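Heads up: the sequence shown at position 121 corresponds to 524 in the working numbering, and the numbers run straight through without jumps. All C-beta atoms, glycine included, are put in the ideal place defined by N, C-alpha and C. Note that the structure is a prediction, hence the values are computed from the model and not measured. Just below is one structure, and these are the notes that go with it.
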Amino acid sequence: MLKDDVVAKHEKVQFRCTRCGQTTIVEVKRRVDETVVISPMPDFARASASSTKQNMVALDDGLYLPADASIVLTVTAGPSMGKSFTLKAPRAVIGRKGADLPLDDPEISRHHCVLEVRDRFVNLKDLDSTNGTFFEGERVRAGVLQDGAEFRVGSSTLRLNFQSR
404 MLKDDVVAKH EKVQFRCTRC GQTTIVEVKR RVDETVVISP MPDFARASAS STKQNMVALD
464 DGLYLPADAS IVLTVTAGPS MGKSFTLKAP RAVIGRKGAD LPLDDPEISR HHCVLEVRDR
524 FVNLKDLDST NGTFFEGERV RAGVLQDGAE FRVGSSTLRL NFQSR
């Protein structure tokens with residue numbers, strides 16, 4: 404398993420897949436907004452990678468909201484454009500009716516993706532949605548979001564922001 408804090412320290416990372424034995428070299432780029440982009444996206448992070456159904460795991464004790472800021476998700480495009488959500492818990496499921504953060508978008512799954520917060524780092528994980536979760540222009544199974552990051556679910560684009568309290 405690649406750990407974010409280890410990968411972020413290097414310009415390039417080489418690893419070998421334990422399943423197929425293939426060696427992959429990825430370049431790690433840090434954008435001005437401090438979002439880390441791994442290029443090319445490893446297969447295990449792509450939504451098209453074969454995987455078993457992802458099940459929601461028990462709440463991780465390491466998840467917590469930042470003490471000095473609120474995390475706000477704003478829908479910037481799509482049927483619910485203009486709608487905002489402030490995260491109340493360090494784990495929130497985005498989806499249609501019945502999700503923690505419900506969106507009125509027929510192109511998203513009932514439980515589409517989940518956000519897991521560890522202070523100022525927000526993990527985005529696709530929950531094997533039908534139409535996928537997109538980050539940095541690619542369909543992904545997982546990504547790390549920071550302040551100002553945008554991602555798309557169905558026809559909705561959401562922007563994540565930290566707002567000081």
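Q. When burial is assigned at 16 or more other CB atoms within 10 Å of the CB, is T536 buried or exposed?
A. buried
Q: Would you mind working out which of H413, S559, T489 and I497 sits nearest P482, comparing C-alpha positions?
A: S559
Q) Closest Cβ-Cβ distance between I511 and chain B: below 7 Å? A) No chain B appears in this structure, which consists of one protein chain only.
Q) Given V478, which residues of its chain have a CB within under 6 Å of its CB, disregarding the five upstream and five downstream residues? A) M484, K486, S559 and L561
Q.
Using the Cβ count rule (16 or more neighbours within 10 Å means buried), how would you classify S567?
A. exposed
**Q.** Own chain residues within Cβ distance below 7 Å of K500, not counting five before or after
**A.** none
Q.
Please report the straight-line C-alpha distance between H514 and N564, rounded to a whole angstrom.
A. 22 Å
Q. Run through DSSP, which three-state label would I506 get?
A. Before going further, note that residue 506 is Leu rather than Ile in the sequence given. Three-state DSSP puts L506 in coil, outside helix and strand.
Q | Euclidean distance between Cα positions of S453 and D507 | A | With a pLDDT of only 45 at S453, under the threshold of 50, the placement of this residue in the model should not be trusted; the figure read from the coordinates follows. For S453 and D507, the distance between alpha carbons rounds to 29 Å.
Q) Hey, quick one: how far does the beta strand (DSSP E) through E519 stretch, first residue to last? A) C516 to R521
Q | Buried or exposed by the 16-neighbour rule on C-beta atoms within 10 Å, applied to E414 | A | exposed
**Q.** Reduced DSSP category for I632 - H, G, I as helix; E, B as strand; rest coil
**A.** Because the chain in this structure spans residues 404 to 568, residue 632 falls outside the shown range and cannot be described.
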